[in-house]
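Data block below; observations after.
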Amino acid sequence: MITAIVMIDAATDAIPEVAAAIADLDGVSEVYSTAGEVDLIAIVRVREFEQVAEVIAGRINKVPGVLETETHIAFRAYSRHDLEAAFSIGFDTAD
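Using numbering that gives the first Met the number 0, read the sequence shown as starting at 0 and increasing by one per residue.
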């Protein structure tokens, strides 16, 4: 599974509509409205690398109200569960 994090600048008066339209696209698993330098962050999850371009350039960038995107490809996922398992050496710390 390939995960891409897409930072999206959207037309200010259309952020909710843009977010909803992006969330409905195949390949987009989540869309977050954010404070900071970008308006929205979309999480794209696809099986093949070629699909990243299809989803972002072919779909997200064509949504009315999307002004600009910046894409980051994830190399590895870390979660609290994964980190706890990786660093666990079998001690029970509850005394």
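Every residue, glycine too, gets a C-beta built ideally from N, C-alpha and C. Since we're looking at a predicted model, the values are computed, not measured.
Test item: CB-CB of residue i and residue j under 8 Å
| i | j | result |
| --- | --- | --- |
| Arg46 | Leu24 | no |
| Ser28 | Ile14 | no |
| Ile4 | Val65 | no |
| Gly26 | Val37 | no |
| Asn60 | Thr70 | no |
With 16 other Cβ atoms within 10 Å as the buried cut-off, status of residue i
| i | result |
| --- | --- |
| Ile72 | exposed |
| Ile55 | buried |
| Ala20 | buried |
| Ala9 | buried |
| Ala41 | buried |
| Ala76 | exposed |
| Ala34 | exposed |
| Ala18 | buried |
Bridge partners - residue i, DSSP secondary structure assignment
| i | result |
| --- | --- |
| Leu66 | BP columns for Leu66 are empty, so no partner. |
| Asp8 | Glu67 |
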